[in-house]
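Working notes, structure below.
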Amino acid sequence: MFFKSLDLTTALRPLLLPDETLLFVQDAVGLYEGKYKIPNYQNGHAYLTSHRVCYVATEDPRKYCVGIDLKEIDRAEYQVGSSRSGARFLTSSPKVTIYPKPQNSKTDKSRSTTSSPAISQQSTLHPLPHTGPSKSPSPKPINATWICPICTFSNPVPSNFDPATATATTNLPPCLACGIKPPFTTVLKAAITAAASRDPPLPGASSLAPEENTPTGKERRGSNTAGSVSCPRCTFVNHPSLIECEICGAPLMPKGAASLLDSGGNRADSPAPFFQQARLVNTEVSESIKLSFRDGGEKTFHERLKDALVQRKWLLQNAPPVPPPAQVTSSPGAPAAILESPQPAAPRVSAVGIAGLEQRGLEARMNNQLVIGNAFEDLEALMASAKQIVALAETLARESGMATNEGSAETKAVLSESVAALGMVTTKDMLSSGSETLYLSELSRNLAEYLTDDRQGILQREGGIMSLIDLWAVFNRSRNGVELVSPSEFQRAAQLWEKLKLPVRLRRFKSGLLVVQRYDWSDDKTVRQLQEWMEELRRIPPEEPVPWDWLIFGRAVTAQETAQRFKWSVGVATEELEMAEDRGVLCREEGIEGLRFWGNYIVIPSD
Amino acid sequence: MTTTTTSFPFPPTYNFPPFFTPQPNTNTRLSQLEKWSSLIQAWCRHHRQYRLSLVDAIDSPLFHNTALRKRLDLAAARDVLDWMAKSEEEGGGGRRAEWLDANAGGNAAPKSVAYIWWRRPEEWADVVADWVENTGQRGSVLTVYELVQGEATVSQDFHGMDNDVMMKTLNILVKRGKIQIFGNEGEEGVKFF
Numbered sequence: 002m003f004f005k006s007l008d009l010t011t012a013l014r015p016l017l018l019p020d021e022t023l024l025f026v027q028d029a030v031g032l033y034e035g036k037y038k039i040p041n042y043q044n045g046h047a048y049l050t051s052h053r054v055c056y057v058a059t060e061d062p063r064k065y066c067v068g069i070d071l072k073e074i075d076r077a078e079y080q081v082g083s084s085r086s087g088a089r090f091l092t093s094s095p096k097v098t099i100y101p102k103p104q105n106s107k108t109d110k111s112r113s114t115t116s117s118p119a120i121s122q123q124s125t126l127h128p129l130p131h132t133g134p135s136k137s138p139s140p141k142p143i144n145a146t147w148i149c150p151i152c153t154f155s156n157p158v159p160s161n162f163d164p165a166t167a168t169a170t171t172n173l174p175p176c177l178a179c180g181i182k183p184p185f186t187t188v189l190k191a192a193i194t195a196a197a198s199r200d201p202p203l204p205g206a207s208s209l210a211p212e213e214n215t216p217t218g219k220e221r222r223g224s225n226t227a228g229s230v231s232c233p234r235c236t237f238v239n240h241p242s243l244i245e246c247e248i249c250g251a252p253l254m255p256k257g258a259a260s261l262l263d264s265g266g267n268r269a270d271s272p273a274p275f276f277q278q279a280r281l282v283n284t285e286v287s288e289s290i291k292l293s294f295r296d297g298g299e300k301t302f303h304e305r306l307k308d309a310l311v312q313r314k315w316l317l318q319n320a321p322p323v324p325p326p327a328q329v330t331s332s333p334g335a336p337a338a339i340l341e342s343p344q345p346a347a348p349r350v351s352a353v354g355i356a357g358l359e360q361r362g363l364e365a366r367m368n369n370q371l372v373i374g375n376a377f378e379d380l381e382a383l384m385a386s387a388k389q390i391v392a393l394a395e396t397l398a399r400e401s402g403m404a405t406n407e408g409s410a411e412t413k414a415v416l417s418e419s420v421a422a423l424g425m426v427t428t429k430d431m432l433s434s435g436s437e438t439l440y441l442s443e444l445s446r447n448l449a450e451y452l453t454d455d456r457q458g459i460l461q462r463e464g465g466i467m468s469l470i471d472l473w474a475v476f477n478r479s480r481n482g483v484e485l486v487s488p489s490e491f492q493r494a495a496q497l498w499e500k501l502k503l504p505v506r507l508r509r510f511k512s513g514l515l516v517v518q519r520y521d522w523s524d525d526k527t528v529r530q531l532q533e534w535m536e537e538l539r540r541i542p543p544e545e546p547v548p549w550d551w552l553i554f555g556r557a558v559t560a561q562e563t564a565q566r567f568k569w570s571v572g573v574a575t576e577e578l579e580m581a582e583d584r585g586v587l588c589r590e591e592g593i594e595g596l597r598f599w600g601n602y603i604v605i606p607s608d
Numbered sequence: 004m005t006t007t008t009t010s011f012p013f014p015p016t017y018n019f020p021p022f023f024t025p026q027p028n029t030n031t032r033l034s035q036l037e038k039w040s041s042l043i044q045a046w047c048r049h050h051r052q053y054r055l056s057l058v059d060a061i062d063s064p065l066f067h068n069t070a071l072r073k074r075l076d077l078a079a080a081r082d083v084l085d086w087m088a089k090s091e092e093e094g095g096g097g098r099r100a101e102w103l104d105a106n107a108g109g110n111a112a113p114k115s116v117a118y119i120w121w122r123r124p125e126e127w128a129d130v131v132a133d134w135v136e137n138t139g140q141r142g143s144v145l146t147v148y149e150l151v152q153g154e155a156t157v158s159q160d161f162h163g164m165d166n167d168v169m170m171k172t173l174n175i176l177v178k179r180g181k182i183q184i185f186g187n188e189g190e191e192g193v194k195f196f
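So the protein lines, in turn, are chains Y and Z.
Start counting the first sequence at 2; every next residue gets the next number (the numbering used here).
Start counting the second sequence at 4; every next residue gets the next number (the numbering used here).
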């Protein structure tokens with residue numbers, strides 16, 4: 002299990018992978034390796050996603066953020082916090098301990114990358130000093146093989162086989178190839194050999210090991226340069242993309258992992274506590290890590306983590322689509338389908354003309370019906386086929402949008418596309434119920450991401466500024482009617498932007514209108530833009546003859562024109578114009594055509 | 004009223020449409036009032052006008068720009084004159100105007116006619132005194148009519164001056180001890196010292 006580096010979004014949250022969904026967030030979390038606190042990782046947010054457990058520190062989040070893939074996690078345990086009244090220093094926060102999956106191929110890997118068995122032993126060292134180079138057999142699973150005396154097939158030694166405690170009565174699995182139970186001594190010898198290749202060679206075991214260990218190490222070095230991977234067991238040179246030896250089935254070590262382990266080997270020289278370096282990225286966890294929840298939330302975290310480990314969403318990435326209408330035949334509820342739809346196995350009847358089109362349409366409808374029907378059968382199924390349902394909903398929305406209102410087709414498209422961002426949406430459900438402030442700060446980050454997301458470019462399209470009410474509407478619509486945000490919470494979340502140092506800011510105009518802007522956007526910039534525009538108007542001759550001297554005065558602009566030019570909303574344009582007027586850059590003209598703004602010629606002494 | 008509008012050179016601001024809209028920005032508003040004040044003074048000087056009746060002037064080219072189809076309405080024009088009437092210490096335009104009927108409860112609507120002091124009475128007093136000095140008329144006696152309409156003053160700015168304005172001017176000179184006024188109302192004589 003490795004600490005992986007983490008990409009953060011503009012709002013300093015982990016950047017989710019495609020199909021990854023956020024499950025839970027908790028603040029005030031610290032990280033432990035084994036039983037030691039990891040410096041610099043003691044106060045941050047823990048993000049649980051469907052694929053990863055991520056930690057982002059509150060201070061200097063870009064530097065101190067790590068993630069762990071769920072697929073490398075074996076199990077997670079929940080440890081209740083203890084607190085004694087009056088003895089604050091004896092309290093301990095509740096913790097969730099995460100154990101890595103045993104790395105079966107590790108002994109082979111380390112053996113093959115390091116020529117000396119002594120160093121290879123170090124790389125798998127237990128982090129705690131007292132457990133150091135123990136002579137006693139490691140309780141950890143040993144990746145050893147025994148060779149069947151009958152058929153010479155290489156069988157793995159069972160992971161629960163412990164040479165120290167095993168006796169002749171221990172139940173041994175039979176050979177995988179011929180089914181004959183091995184003699185106990187064969188397995189014991191193999192186990193000791195494997196242990197010896199990890200520990201310093203024992204006198205008894207060394208006689209068995211040498212022809213296996215030393216040459217492979219050297220050969221391995223040579224073969225690495227060639228790009229192909231030689232098997233650590235039988236020395237067969239395999240194609241680099243293989244993960245198991247073609248000949249003997251021994252696990253192979255990819256080159257990338259080899260270099261990682263090399264660095265791991267160097268690192269192991271440092272004494273405990275384990276993590277001395279400032280950053281955790283690419284550090285290996287061999288024992289366990291703990292997340293200490295100083296502010297609660299550990300129960301929910303643990304539950305969701307367990308669920309996520311069961312669901313294994315990361316496997317879904319290449320999941321097959323929902324079965325074709327063939328299954329309809331097995332469904333008793335749709336007898337018509339049996340008659341209408343052709344067997345998919347049978348060669349497809351190539352229908353032409355209108356009949357063909359109709360048939361294709363019918364098939365598509367049947368498929369849709371099936372998808373919808375399956376999805377709503379139970380909640381689990383809905384979760385599983387959520388991706389397809391969303392896609393279907395999008396197409397339906399697009400079709401209906403085209404039919405009813407052409408003008409808003411673009412908006413609809415934007416809205417349905419923003420469903421894609423649904424995975425990033427924070428809901429109250431993701432957080433423990435009590436923490437209102439955490440919800441708000443997460444919502445705040447969420448909003449900032451939504452605004453700065455380049456795929457959608459909400460803020461860009463609105464000319465870098467939009468009113469809070471518009472944002473609220475768009476944001477809630479993008480949530481497709483679930484987990485809507487109330488206006489007051491929305492406003493409070495927006496007010497947190499400044500505190501959280503997010504790249505957007507809330508601004509109040511004189512009239513009280515609240516707008517959302519990029520952080521670096523200022524009035525000066527707006528004024529400069531307006532002034533440039535006014536200059537431009539003085540250079541361009543007006544379309545119709547005007548009674549005034551346009552070379553001096555230019556032309557008046559309305560809020561509508563301004564909104565159009567800068568892609569602002571009219572309300573925002575009015576406010577910006579009045580802001581410029583307030584600064585004496587513009588002046589107003591009230592007339593029958595309405596309110597118009599001019600460059601402020603009045604303040605220029607002319608006479 | 005003699006109208007020689009064609010020859011009056013309007014300042015460029017006169018053709019700037021926002022000039023006719025009261026500006027909400029304080030600084031802009033101040034500049035606007037100053038420009039209006041100097042425009043009204045220039046207009047009155049050009050037309051030898053000493054008092055301005057708003058009701059009459061509101062449709063004149065002064066307040067009504069026909070080319071732009073823009074005008075200063077009565078209330079806005081009154082605001083301008085109000086500002087002009089205030090002293091600079093009060094944040095006004097330096098007493099360049101004075102309402103004839105500021106407190107009048109008479110038949111005319113209040114604040115409809117104002118003196119426009121393109122020269123204030125004190126300034127006029129200086130002009131008259133200088134003229135007397137330069138023409139060596141100290142010790143002589145002139146009627147007010149002679150002063151305003153006489154042939155001797157044709158070249159002077161105060162020729163054809165409003166009678167009331169002349170009386171204000173002469174009163175200031177009396178206070179300064181430069182002249183003495185005698186005679187009945189309407190036939191006053193002035194003796195210069």
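Beta carbons are placed, not taken as given, at the ideal position from N, Cα and C, and that holds for glycine.
Residues of chain Y with a Cβ closer than 7 Å to the Cβ of residue 70 (chain Z) are, in chain order, 548. Per DSSP, the unbroken beta strand (DSSP E) holding residue 184 (chain Z) starts and ends at 182–185.
Within the same chain, and ignoring the five residues on either side of residue 465 (chain Y) in sequence, the residues whose Cβ sits closer than 7 Å to its Cβ are 518, 519 and 522. Close partners of residue 544 (chain Y) in chain Z (Cβ separation under 7 Å) are lacking, with about 17 Å as the shortest Cβ gap. The stretch 473–483 of chain Y and the stretch 529–538 of chain Y do not touch, with fewer than three beta-carbon pairs separated by less than 8 Å. By the C-beta density criterion, residue 239 (chain Y) is buried, having at least 16 other C-beta atoms within 10 angstroms. Along the stretch 32–58 of chain Z, the positions whose C-beta sits under 8 Å from a C-beta of chain Y are 34, 35, 38 and 41, read in chain order. Around the CB of residue 355 (chain Y), fewer than 16 other CB atoms lie within 10 Å, so the residue is classed as exposed. Taking residue 371 (chain Y) as reference, the option from Y:393, Y:100 and Y:353 with the minimal CA-CA separation is Y:393. Per DSSP, residue 40 (chain Z) is one residue of the alpha helix (DSSP H) stretching across 29–49.
Rounded to whole angstroms, the separation of the alpha carbons of residue 17 (chain Z) and residue 68 (chain Z) is 8 Å. Residue 64 (chain Z) has a beta carbon lying at 7 Å or more from every beta carbon in chain Y. The residue among Y:293, Y:28, Y:186 and Y:605 with its C-alpha nearest the C-alpha of residue 437 (chain Y) is Y:28. For residue 77 (chain Z), the uninterrupted alpha helix (DSSP H) run begins and ends at 77–88, by DSSP.
Within chain Y, the C-beta atoms nearer than 7 Å to that of residue 26 (chain Z) come from 588, 589 and 603, in chain order. Per DSSP, residue 284 (chain Y) is not a residue of any alpha helix (DSSP H), being assigned neither H nor E. Below the 9 Å Cβ cutoff, chain Z contributes 26, 27, 28 and 31 as neighbours of residue 582 (chain Y), in chain order. Looking from the CA of residue 16 (chain Y), the closest CA among Y:42, Y:603, Y:67 and Y:479 belongs to Y:67. Using a CB distance cut-off of 7 Å, residue 19 (chain Z) counts as an interface residue toward chain Y.
In the DSSP annotation of this structure, the continuous segment of the alpha helix (DSSP H) that includes residue 303 (chain Y) starts and ends at 299–312. Close CB contacts of residue 171 (chain Z) within its chain, under the 6 Å cut and outside five residues either way in sequence, are with 124 (chain order). Spatial neighbours of residue 155 (chain Y) in its own chain (CB-CB distance under 6 Å, excluding positions within 5 residues in sequence) are listed in chain order as 146, 148 and 249. Three or more Cβ pairs drawn from the stretch 583–593 of chain Y and the stretch 22–40 of chain Z lie within less than 8 Å of each other, which places the two stretches in contact.
Against residue 599 (chain Y), the close residues of chain Z are 19, 20 and 21, in the order they occur along the chain (beta-carbon pairs closer than 9 Å). If you look at residue 540 (chain Y), you'll find it isn't in any beta strand (DSSP E); it sits in the alpha helix (DSSP H) that goes 524–540. The three-state secondary structure of residue 488 (chain Y), taken from DSSP, is helix. In this structure, residue 58 (chain Y) lies away from residue 30 (chain Y), with their beta-carbon atoms at least 7 Å apart. Remark: C-beta atoms of residue 546 (chain Y) and residue 71 (chain Z) do not approach each other more closely than 7 Å. Residue 545 (chain Y) sits in coil when the DSSP states are folded into three classes, being neither helix nor strand.
A residue is called buried when at least 16 other Cβ atoms come within 10 angstroms of its Cβ; residue 38 (chain Z) meets this threshold and is buried. The three-state secondary structure of residue 117 (chain Z), taken from DSSP, is strand. Note: residue 467 (chain Y) is bridge-paired with Y:517 in the DSSP secondary-structure output.
Contacts between residue 12 (chain Z) and chain Y, judged by CB atoms closer than 9 Å, are missing: the closest CB pair is about 10 Å apart.
A direct Cα-to-Cα measurement between residue 373 (chain Y) and residue 26 (chain Y) gives close to 31 Å.
Less than 7 Å divides the Cβ of residue 86 (chain Z) from the Cβ of residue 95 (chain Z).
Three or more beta-carbon pairs drawn from the stretch 93–104 of chain Y and the stretch 66–81 of chain Y are found closer than 8 Å, and the two stretches are therefore classed as touching.
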